[in-house]
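Each protein sequence line maps, in turn, to chains A and B.
When we follow my numbering, the leftmost residue of the first sequence carries the number 1, and every step to the right adds one.
When we follow my numbering, the leftmost residue of the second sequence carries the number 308, and every step to the right adds one.
Even glycine gets a Cβ: it sits at the ideal position worked out from N, Cα and C.
In this text the structure is predicted, and so the values were computed from the model without any measurement.
Beneath this line is the structure, given in structure tokens, with notes to follow.
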Amino acid sequence: MSEHPILETRSLGKRYGSRWAVRDLNLLVYPGDVFGFLGPNGAGKSTTIRMALSLIRPTTGEVRLFGRSLRSDRSAALRSVGGIVERPDFYGYLSAVKNLEIVGALYGGVPARRIWEVLELVGLKERGNDRVKAYSHGMKQRLGIAQALLSDPELVVLDEPTSGLDPQGMKEIRELIIYLAREKKKTIILSSHLLNEIEMVATRMAIINKGELKVQGAVQDLLKSGEYRVLITGEPLAKIGSVLRRHRRLVRAMEPAETGMMVTMDREHVPTIAAALVRANVRLSGIIPRRSLEEYFLSITENATES
Amino acid sequence: MVRLIFVELQKTFLKKRTYLGFLIVLIIVPLIEVAMKLEGGRFVTNAFRSVARDFVLVGNLFNGWLVSYQIMNSLWVHIPLLVSFVAGDQLAGEATSGTYRLILTRPVSRTRIFLAKYFTVVLYTVVFVLFLAVLSIGLAVLLLGRGDLLLFSRGGQITILPEGEVFWRFALAYLFACCSMITVSSIAFFFSSFVENAIGPIVATMGVLITFMVLTALPVEVLESVRTHFFTYYLDIWQRPFEDPISWERIATALLYFAGYSIVAVAGAWAVFLRKDILS
């Protein structure tokens, strides 16, 4: 990657007493990334994001935003960053507009037009003058995204942005993230434990577990690596099984599944197996890759747990 | 910085809780003054009975100034509680509501946010004391008129302050009251930087106040050398402008102590706030 990273963490660590919440974390987020930041609950995602937004002081290492150190050049580093950290909390006794005016003042002031623009973007224009305490959780979540976008930042950090939303709300937020990335060219860090959410929108990702980085890279590259699993469907199932047994050199594992046979093998052997099945007069109806992010995530985090 | 201060003022003065202290004063002061008017100056007659045997007292002694002085005399212990409502909430309130996350992720230094908040605390304290002053003096003068201020000083001395001098002495008294209340606010602000709910700082401030007051008042020889170092020893500073002559030396000492306590409290709060990890 020749570009300079927008966000870089160098040996970042946070210790509470004797427990390391995050340890020796080296993340790289490049311009244009939709960066999925994954990890099980308690893995250290929120601690990392809080350090990246200067809410928590690191015990070791540093965060650099746009090439600037957050420790020594905080204000300049945060100028082009907007974020939402966990729950979206606001001054409930004030309207959404007034809340955004307060946030805007912390950037040196934003015009009223911009406030209404972001409210429209998240679908809250009609309720802009209502007090936030009357908002539902979903509305607060959307207002959280509005405040993150208020200063038109280059980097948007979204920590669990769909938490507590209904399926429709989750879909809307997902679409908004895709819109921001593709149309508005924002770089987005999306922290979530909802894997399908990351799979749908992320271009690069990192997985952390117990505060340590496990993998980092382009989503497609990471999913291609390692073992390849396919679901072979067709009839008769017994013949599929016998063909696979004859090619046990190529097949690492197989097990009957509800609609066919789940097979583990290297990707390059798939055409050979398909040809053998056709030659054996199997009525082949599908060879479906089953290498999902969920399986990948579990393999990473479970391996880590076992070790 | 002006913009930040404006933001903090808006956040504070658009919150209903901010007006709780004002509401209490708005109820209690008229209540006392109306009750005194209905009483018809009987307490003055009782207070000056011994004097009246030897002197002829002329003019309106039971007047608005006297009543206003009495109100100040009876409320100065309670006002600290009312000012600590807002001062104690200023930092802890952000932690309680989770809004630290909203304001501390912006390209503004924590020091500037801290200063804007402290300025708001000071301004609130001054406005609150001035509100008490205007309401107490204004209503009392309206109900009972004006006149000379006749006071019993410590040691049974009688001080008669001519009407022409009373106003500026009251102005000084409330100015010094502002200083003492800013010290109380600063202490509440200090406690506010530690905790994540607003009740803690209020209770802690009252705890400090009561402890210091008890230590100040206890007639124990061991405490003799230290009691003058407690800020509570000087809380009655507002009474000094009504002395004749005014003991400026004691006032200067009191103001130095108030400044010292305030600086230490605010510096401590600043150090805590700068290093604070926002986990709420």
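With distances taken between CB atoms, is the gap from B:T466 to B:E550 smaller than 9 Å?
Numbered from its first residue, the second sequence carries residue 466 of chain B at position 159. Numbered from its first residue, the second sequence carries residue 550 of chain B at position 243. Yes, Cβ-Cβ distance for B:T466 and B:E550 is below 9 Å.
Regarding A:L250 and the ligand ADP, is the C-beta to nearest heavy atom distance less than 8 Å?
Although the ligand ADP was asked about, the structure shown includes no ligands whatsoever.
Anything in the stretch 310-330 of chain B with a Cβ closer than 8 Å to a Cβ of chain A? List those residues in chain order, please.
Residues passing the 8 Å Cβ filter: R310, L311, F313, V314, Q317, K318, L321, K322 and K323.
Taking CB distances under 9 Å as the criterion, tell me whether B:S416 reaches chain D.
Although the question refers to chain D, the structure presented lacks it and instead comprises the protein chains A and B.
Assuming contact is defined by CB atoms lying nearer than 9 Å, are A:L150 and A:V103 in contact in what I supplied?
Within the first sequence, the letter at position 150 stands for residue 150 of chain A. Within the first sequence, the letter at position 103 stands for residue 103 of chain A. Result yes, Cβ atoms of A:L150 and A:V103 sit closer than 9 Å.
Relative to the C-alpha of B:W561, which residue among B:V434, B:V448, B:G371 and B:F483 is closest?
Position 254 of the second sequence, counting from 1, holds the residue named residue 561 of chain B. Residue 561 of chain B is actually Ala in this sequence, not Trp. Of the listed residues, the one whose Cα sits closest to B:A561 is B:F483.
Could you name the residues of the stretch 95-115 of chain A whose beta carbon sits closer than 9 Å to any beta carbon of chain B, in the order they occur along the chain?
Flagged, chain order: K98, N99, E101, I102, V103, A105, L106, Y107, G108 and G109.
Considering only residues of the same chain and omitting the five flanking positions on each side of A:H269, which have a CB-CB separation below 7 Å?
Locating residue 269 of chain A in the first sequence gives position 269, counting from the first residue. Answer for A:H269: L250, listed in chain order.
With a threshold of 7 Å on Cβ separation, who are the neighbours of A:V278 within its own chain once the five nearest residues in sequence on each side are excluded?
To locate residue 278 of chain A, count along the first sequence from 1; it is residue 278. The residues are L284.
Looking at chain B, is there any beta carbon in it that lies within less than 9 Å of the beta carbon of A:I145?
Start at 1 with the first residue of the first sequence, and residue 145 of chain A comes out as number 145. No, its Cβ sits nowhere closer than 9 Å to a Cβ of chain B.
For the stretch 62-95 of chain A, enumerate the residues whose C-beta is nearer than 9 Å to any C-beta of chain B, in chain order.
Listed in sequence order: R74, S75, A76, A77, L78, R79, S80, V81, G82, G83, I84, V85, E86, R87, P88, D89, F90, Y91, G92, Y93 and L94.
Within a Cβ cutoff of 6 Å, which residues of the same chain sit near A:R23, ignoring the five residues on either side of it in sequence?
If you number the first sequence from 1, residue 23 of chain A lands on position 23. For A:R23, where only same-chain residues beyond five positions count, the Cβ hits under 6 Å are G13, G211 and E212.
How is B:Q546 classed by DSSP in three states: helix, strand or coil?
Here residue 546 of chain B is taken as the residue at index 239 of the second sequence, counted from 1. Note: B:Q546 maps to helix in three-state DSSP.
In chain B, which residues lie less than 8 Å from A:I56 when you measure between Cβ atoms?
Counted from its first residue, the first sequence places residue 56 of chain A at position 56. The contacting residues are D584, I585 and L586.
Please confirm whether B:S404 has its beta-carbon closer than 9 Å to some beta-carbon of chain A.
Stepping through the second sequence from its first residue, residue 404 of chain B is reached at position 97. For B:S404, the answer is yes, since a Cβ of chain A falls inside 9 Å of its Cβ.
What's the C-alpha gap between A:D221 and A:T301?
Start at 1 with the first residue of the first sequence, and residue 221 of chain A comes out as number 221. Start at 1 with the first residue of the first sequence, and residue 301 of chain A comes out as number 301. In a straight line, the C-alpha of A:D221 is about 18 Å away from that of A:T301.
Using a Cβ cut-off of 7 Å, pull out every chain B residue sitting near A:R15, in sequence order please.
Translated into the one-based positions of the first sequence, residue 15 of chain A becomes position 15. Neighbours of A:R15 on chain B: none; closest Cβ ~11 Å, over 7 Å.
Determine the direct distance from the alpha carbon of A:V215 to that of A:E183, and round the result to whole angstroms.
Locating residue 183 of chain A in the first sequence gives position 183, counting from the first residue. Locating residue 215 of chain A in the first sequence gives position 215, counting from the first residue. Using only the alpha carbons, I get a separation of about 28 Å.
What residues are listed by DSSP as bridge partners for A:S69?
As a first step, residue 69 of chain A must be located in the first sequence, where it is residue number 69. Note: A:S69 sits in a beta bridge opposite A:R64.
DSSP three-state label for A:S307, please.
On the first sequence, position 307 is the one that residue 307 of chain A refers to. With a pLDDT of 44 at A:S307, under the threshold of 50, the modelled position of that residue is not reliable, and the figure given next carries that caveat. Three-state result, A:S307: coil.
Flag this pair as yes or no: are the beta carbons of B:F519 and B:A572 separated by less than 9 Å?
One-based indexing of the second sequence puts residue 519 of chain B at position 212. One-based indexing of the second sequence puts residue 572 of chain B at position 265. No; because the gap between Cβ atoms is not below 9 Å, this pair is not in contact.
Whose Cβ in chain A lies nearer than 9 Å to the Cβ of B:T427?
For the purposes of this step, residue 427 of chain B is taken as residue 120 along the second sequence, with counting starting at 1. Residues of chain A passing the Cβ test: none, with the nearest at roughly 13 Å.
Whole beta strand (DSSP E) runs in the stretch 2-60 of chain A with 3 or more residues, listed along the chain?
Runs found: 7-16, 19-25 and 34-38.
Anything in chain A within Cβ reach of B:R408, meaning under 7 Å, just list it in chain order.
By one-based count along the second sequence, residue 408 of chain B stands at place 101. Result: L55, V85 and D89.
Which same chain residues, not among the five before or five after A:N26, have their C-beta less than 7 Å away from its C-beta?
Within the first sequence, numbered from 1, the residue matching residue 26 of chain A stands at position 26. Within the same chain, A:N26 has close Cβ partners T9, R10, S11 and L213.
Which bits of chain B does A:R23 rub up against, with CB to CB less than 7 Å?
The sequence position of residue 23 of chain A within the first sequence is 23, counting from 1. The contacting residues do not exist; A:R23 stays about 17 Å from chain B at best.
Please confirm if A:R142 has its CB atom under 9 Å from at least one CB of chain B.
Taking the first residue of the first sequence as position 1, residue 142 of chain A is located at position 142. Chain B, which has no Cβ nearer than 9 Å to the Cβ of A:R142, makes this no.
Going by DSSP, name the residue or residues bridged to A:T264.
Here residue 264 of chain A refers to the residue found at position 264 of the first sequence. DSSP, once it has assigned bridges, lists A:R229 and A:A253 as partnering A:T264.
Using 9 Å as the limit for Cβ to Cβ distance, is A:R318 near chain B?
The shown model of chain A, from 1 to 307, leaves out residue 318 of chain A, and the question about it has no answer.
Below 8 Å on the Cβ atoms is my guess for A:T37 versus A:S191; work out the distance and round it to an integer in Å.
In the first sequence, the residue the question calls residue 37 of chain A occupies position 37. In the first sequence, the residue the question calls residue 191 of chain A occupies position 191. Note that residue 37 of chain A corresponds to Phe in the displayed sequence, not to Thr. Indeed, because the Cβ distance is near 4 Å, the residues count as touching under 8 Å.
Please confirm if B:T466 has its CB atom under 9 Å from at least one CB of chain A.
The count along the second sequence starts at 1 and reaches residue 466 of chain B at position 159. With 9 Å as the cut-off, B:T466 does not count as an interface residue toward chain A.
Quick one: Cα of B:A480 to Cα of B:N380, how far?
Here residue 480 of chain B is taken as the residue at index 173 of the second sequence, counted from 1. Here residue 380 of chain B is taken as the residue at index 73 of the second sequence, counted from 1. If you take the alpha carbons of B:A480 and B:N380, they lie about 11 Å apart.
Using a Cβ-Cβ cut-off of 9 Å, state whether B:L411 counts as contacting chain A.
The sequence position of residue 411 of chain B within the second sequence is 104, counting from 1. B:L411 counts as touching chain A.
Is B:V312 helix, strand or coil when you go by DSSP?
Here residue 312 of chain B corresponds to residue number 5 of the second sequence, with the count starting at 1. The question names Val, but residue 312 of chain B is Ile in the sequence shown. Note: B:I312 maps to helix in three-state DSSP.
On the DSSP bridge list, what partners appear for A:R283?
As a first step, residue 283 of chain A is located in the first sequence; it is residue number 283 there, counting from the start. Answer by DSSP bridge pairing, in chain order: A:E235.
Mind checking A:P111: buried by the 16 CB within 10 Å criterion, or exposed?
In the first sequence, residue 111 of chain A corresponds to position 111, counting from 1. When all chains shown are included, A:P111 counts as exposed.
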